[in-house]
Amino acid sequence: MRDLFINYLLERAEKDNRIILVTGDLGYGVLKNFWLKLPNQIINVGIAEQNMIGFASGLAKQGYIPFVYSIGNFSSLRPIEQIRNDALYHNLSVKIISIGEGYSYGSLGMSHHATEDAVILSSFPDLSVITPSIQDDIKDTIDYCISHEGVQYIRLGRNTEINFNSVLKIEPFLNQIVKGNSFNAIITYGGILEEVLLAVDTYKLTNQDIPSVFTLSKSIDYSNFDFNFIDGYKNLVFVEEQNFPALLFRDFAVKKINNNPHTKFHSISINRVITSLVGDTRYLRSENEISSSFILKTLFSLK
Amino acid sequence: MNSIELAWLIRRDAVEMTHLSGGSHIASVLSMADLLSVLYVDVAKVDPNNPSLSGRDKIILSKGHAGAGIYSALANMGFFDREILKTYYQNGSILSGHVSHKRVLGIEFSTGSLGHGLSIGSGLAYGAKLKKSDEKVFVILGDGECDEGAVWEAVLVSNHFKLNNLIAIVDYNKMQSLDFVEKTISLHPLDKKWEYFGWNVISVDGHNHEKLKDAYKKALESKLKPTVILANTIKGKGISFMEKDILWHYRFPHDGDEYNNCLLELNKIKPITLRNPYQK
């Protein structure tokens, strides 16, 4: 997965000198080819991840497209304030790569388990979290990152090969991997797809009702995501190598909650913005529609 | 306008802005007024009529809590209307307490969490070299800010990549939030620390404009190393009862004697060539 990613990134970088690979002293062997072919487009900033993101923000401000490379939580949780304040708030094109999503680095221990990063970073507005699942996703990921401004966070496994293919590409990052014949579906992303397919293959040995399997490898943009592909399913199983409540479960649950015919859920919270408004506490609550007047409005609207 | 005039305006505006808004950090603005005014008037290649000028020098206020100072500098240089300064901190203003770049012409980066600016500056400087631009990058830091590990990450990287186009200025007023720097986390000898990390170090009286100009000039001449100017300053400089008193890291001049005495003291040191914008 990571080798495919770096190889395709190299292909793009050979034609676009805005692309700079910034590593935090990691990538032994993996980045060797990139280093040999494009020594002016790769830089090692050492084991200093907060500086790495700030540095990349400065580079992006100068018109470059830095892809920042590290492993586990080092490029996400360690410099999370820099991601938020320096890159994201300034809408700078900083692309953050983390190798070792989920339990990829298993035996190395908890410090190297990326099991909360996707959920945490997905809480930031306008930050896409991408965990490629199949080979097609790799190219889609890099193409998407280069063509879209702003910050994307890319989580890759360590495997060098991916053997799974899509039977139906519904849209970029949304693929059907198994066409089942039942009202059950599994939705997943990343390396844990192998566990899902192993389970389905085993289930098939003794059962006729085969679940469908989908991969949804990019975090949802609530404003324009089409949930229709899950219509008709009675059971949706979300398999995610993240701590509960995980990313997809949370997002689909919100959608389901909104459509629940028996119990209505209402959320009064900040609408996915890091505000640049200036004002006191009450002013900001009012402008972001979480003040008492909005609570009251909701109370009056309840039936 | 000369740098002495701008420094006075920064001090006078800081009193007014914090007084009106109830905002903190006046002493942090007063200590950096001189190094900031010399930078804008005599050193940096920026154009108030074209804030997006290609190849312009970049100025990052890493000690973002002194935002009132840079807002005043920019307004008086002509980046935006001075009238906007009155809205500092107010509901609906564009001028937040910690420096904001959104809709504020002349601000390159929003800051406020200490320790970020030098990293950004190192990336800007590296990127400038990549695209063969001769622009310079100036990052103004607080001395307490040098407690942050991220600062030293940037110091290491900047030395390694020989970012001679990067100039850090430490507003070395020897005080931070709760006490003097040396009683909090000792930085002494700060000059040696930067020097051993590979930087050129220039120590200067941070309130002497001629010496500041020389320091900036020398920094700009560096061929191989980034430079830090350790500007020895006095926290609260310019208003005697604010000088070297931790209280004024937080307190704003209240109505009555405090505010009036600020004005009395500043009026005594107003450059005679300068028209006081607060006098009708």
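Protein sequences, first through last, are from chains W and R. The opening position of the first sequence corresponds to residue 22 in our numbering, with each subsequent residue numbered one higher. The opening position of the second sequence corresponds to residue 1186 in our numbering, with each subsequent residue numbered one higher. Even for Gly, the Cβ is constructed at its ideal location relative to N, Cα and C.
Whole-angstrom distance between residue j and residue i, CA atom to CA atom
i, j, result
"residue 132 of chain W", "residue 120 of chain W", "13 Å"
"residue 1363 of chain R", "residue 1213 of chain R", "13 Å"
"residue 290 of chain W", "residue 123 of chain W", "29 Å"
"residue 1433 of chain R", "residue 1457 of chain R", "28 Å"
"residue 232 of chain W", "residue 220 of chain W", "10 Å"
"residue 1243 of chain R", "residue 274 of chain W", "46 Å"
"residue 146 of chain W", "residue 155 of chain W", "26 Å"
"residue 1217 of chain R", "residue 1418 of chain R", "7 Å"
"residue 1386 of chain R", "residue 1406 of chain R", "13 Å"
"residue 264 of chain W", "residue 99 of chain W", "18 Å"
"residue 129 of chain W", "residue 92 of chain W", "12 Å"
"residue 161 of chain W", "residue 193 of chain W", "7 Å"
"residue 1389 of chain R", "residue 157 of chain W", "59 Å"
"residue 240 of chain W", "residue 268 of chain W", "8 Å"
"residue 88 of chain W", "residue 319 of chain W", "43 Å"
"residue 135 of chain W", "residue 94 of chain W", "6 Å"
"residue 179 of chain W", "residue 1408 of chain R", "42 Å"
"residue 1286 of chain R", "residue 1337 of chain R", "25 Å"
"residue 1275 of chain R", "residue 1201 of chain R", "13 Å"
"residue 1328 of chain R", "residue 1356 of chain R", "6 Å"
"residue 1264 of chain R", "residue 32 of chain W", "43 Å"
"residue 115 of chain W", "residue 78 of chain W", "6 Å"
"residue 1237 of chain R", "residue 112 of chain W", "17 Å"
"residue 1272 of chain R", "residue 1204 of chain R", "12 Å"
"residue 255 of chain W", "residue 288 of chain W", "25 Å"
"residue 23 of chain W", "residue 176 of chain W", "9 Å"
"residue 1468 of chain R", "residue 1378 of chain R", "The structure shown does not extend to residue 1468 of chain R, since chain R spans only 1186 to 1465, so no value can be given for it."
"residue 1323 of chain R", "residue 286 of chain W", "51 Å"
Residue i: first and last residue of the uninterrupted beta strand (DSSP E) it sits in
i, result
"residue 174 of chain W", "173-177"
"residue 163 of chain W", "It is not in any beta strand (DSSP E) - residue 163 of chain W instead sits in the alpha helix (DSSP H) that spans 156-168."
"residue 1385 of chain R", "1385-1390"
"residue 1356 of chain R", "1351-1357"
"residue 270 of chain W", "Unbroken run through residue 270 of chain W is the alpha helix (DSSP H), 268-280; no beta strand (DSSP E)."
"residue 116 of chain W", "116-120"
"residue 151 of chain W", "149-151"
"residue 1324 of chain R", "1322-1327"
Paired residues, beta bridge with residue i - DSSP
i, result
"residue 259 of chain W", "W:208"
"residue 315 of chain W", "Paired residues: none, contrary to the question."
"residue 87 of chain W", "W:41"
"residue 236 of chain W", "W:196 and W:209"
"residue 135 of chain W", "W:122 and W:123"
"residue 92 of chain W", "W:120"
"residue 189 of chain W", "W:197"
"residue 1360 of chain R", "R:1365"
Other residues of its chain near residue i: CB distance less than 8 Å, five sequence neighbours each side excluded
i, result
"residue 292 of chain W", "309 and 310"
"residue 1298 of chain R", "1249"
"residue 1220 of chain R", "1325, 1354, 1356, 1391, 1397, 1414, 1416 and 1418"
Range of the contiguous alpha helix (DSSP H) that encloses residue i
i, result
"residue 143 of chain W", "138-143"
"residue 1307 of chain R", "1302-1315"
"residue 1368 of chain R", "1366-1369"
"residue 307 of chain W", "302-308"
"residue 1527 of chain R", "Residue 1527 of chain R falls outside the range modelled here, since chain R spans only 1186 to 1465, and no answer is possible."
"residue 1342 of chain R", "1334-1345"
"residue 289 of chain W", "Segment: none, residue 289 of chain W is in no alpha helix (DSSP H) and carries neither H nor E."
"residue 1255 of chain R", "1252-1262"
"residue 23 of chain W", "23-36"
"residue 223 of chain W", "214-225"
Own chain, CB closer than 7 Å to residue i, minus 5 neighbours either side, in chain order
i, result
"residue 64 of chain W", "41 and 43"
"residue 62 of chain W", "34, 38, 40, 41 and 42"
"residue 1228 of chain R", "1401"
"residue 1307 of chain R", "1339, 1342, 1343, 1348 and 1351"
"residue 1332 of chain R", "1370"
"residue 186 of chain W", "155"
"residue 1380 of chain R", "1386"
"residue 306 of chain W", "312"
Proximal residues to residue i (C-beta, below 6 Å), its chain only, five neighbours per side dropped
i, result
"residue 103 of chain W", "71, 74 and 75"
"residue 295 of chain W", "110"
"residue 1369 of chain R", "1361"
"residue 195 of chain W", "237"
"residue 1259 of chain R", "1291"
Heavy atom of the ligand PLP within 6 Å of residue i beta-carbon
i, result
"residue 1461 of chain R", "Absence of the ligand PLP from the depicted structure is noted, as is the absence of any ligand whatsoever, leaving it without description."
Whole beta strand (DSSP E) elements within the stretch 1206-1248 of chain R, 3-residue minimum: Runs found: 1243-1246.
Runs of alpha helix (DSSP H) lying entirely within the stretch 43-72 of chain W, each at least 4 residues, in chain order: Within the stretch 43-72 of chain W, the complete alpha helix (DSSP H) runs of at least 4 residues are 53-58.
Uninterrupted alpha helix (DSSP H) stretches inside the stretch 1375-1456 of chain R (no shorter than 4 residues): Annotation note: the stretch 1375-1456 of chain R contains the following uninterrupted alpha helix (DSSP H) runs of length 4 or greater, listed N- to C-terminal: 1375-1381, 1394-1405, 1432-1435 and 1442-1453.
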